[in-house]
Amino acid sequence: LLIAGTWESGALGFENQKNAGGRDGFIAKIDDNGTFIIMGVFGSSGEDSLIDFEINDEKFIVRGYLHGDGDFSEENLPARGIKTVYEAHLQDNDWTGAWHIDEELIQGDVGRIWCGF
Numbered sequence: 001l002l003i004a005g006t007w008e009s010g011a012l013g014f015e016n017q018k019n020a021g022g023r024d025g026f027i028a029k030i031d032d033n034g035t036f037i038i039m040g041v042f043g044s045s046g047e048d049s050l051i052d053f054e055i056n057d058e059k060f061i062v063r064g065y066l067h068g069d070g071d072f073s074e075e076n077l078p079a080r081g082i083k084t085v086y087e088a089h090l091q092d093n094d095w096t097g098a099w100h101i102d103e104e105l106i107q108g109d110v111g112r113i114w115c116g117f
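To convert, note that position 74 of the sequence shown is 74 in the working numbering; the numbers rise steadily by one, no gaps.
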């Protein structure tokens, strides 16, 4: 089972993952024994969100908002004003890229971001 979400304050579950501040995001899996395994974490100093999550060719794609400079392990995404719309890719437990997305790509009131490559 794969899950993606956000958490606030302190460590994430039983993993030794600290948040960058405010609210940060994660991608994790729960194995057959019910063990919670972190695959990737990201965030900024502010209240971040994860709006959309998909799997494409064994690559995990997340989209949402950052409220500060984004930290995706070795991939960093400088802030663009008060809130930054982002897309980031995780493959083999490593972030392989993080990009700015234009605000116009956000889909109205349904709370999803749509983007093409």
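Yeah, the Cβ is synthetic: ideal placement off N, Cα and C, and Gly gets one too.
Exercise for the section: Kindly give me the distance between the Cβ atoms of residue 71 and residue 44, rounded to whole angstroms, as I take these residues to be in contact under 8 Å. Expected result: 7 Å
Problem - Residues near residue 3 by beta carbon distance below 6 Å, same chain, minus five either side - result: 28
Handout entry: Of the listed residues 26, 74, 80 and 92, nearest to residue 58 (C-alpha basis)
Key = 92
Practice task
Please look up how many angstroms separate the CB atoms of residue 40 and residue 90, rounded, as I've assumed it's under 8 Å.
Solution key: 4 Å
Problem - C-alpha gap between residue 68 and residue 22, whole angstroms - result: 10 Å
Handout entry: Presumed contact (8 Å Cβ cut-off) between residue 26 and residue 46, rounded CB distance
Key = Not a contact, Cβ separation roughly 16 Å.
Exercise for the section: Apply the 10 Å Cβ neighbour rule to residue 81 and answer buried if 16 or more other Cβ atoms are within range, or exposed otherwise. Expected result: exposed
Practice task
Whole angstroms is fine: what's the gap from residue 56's alpha carbon to residue 97's?
Solution key: 14 Å
Handout entry: Sequence-distant residues of the same chain with beta carbon closer than 6 Å to residue 130, five excluded per side
Key = Coverage of the chain is limited to positions 1 through 117, which leaves residue 130 absent and any answer about it impossible.
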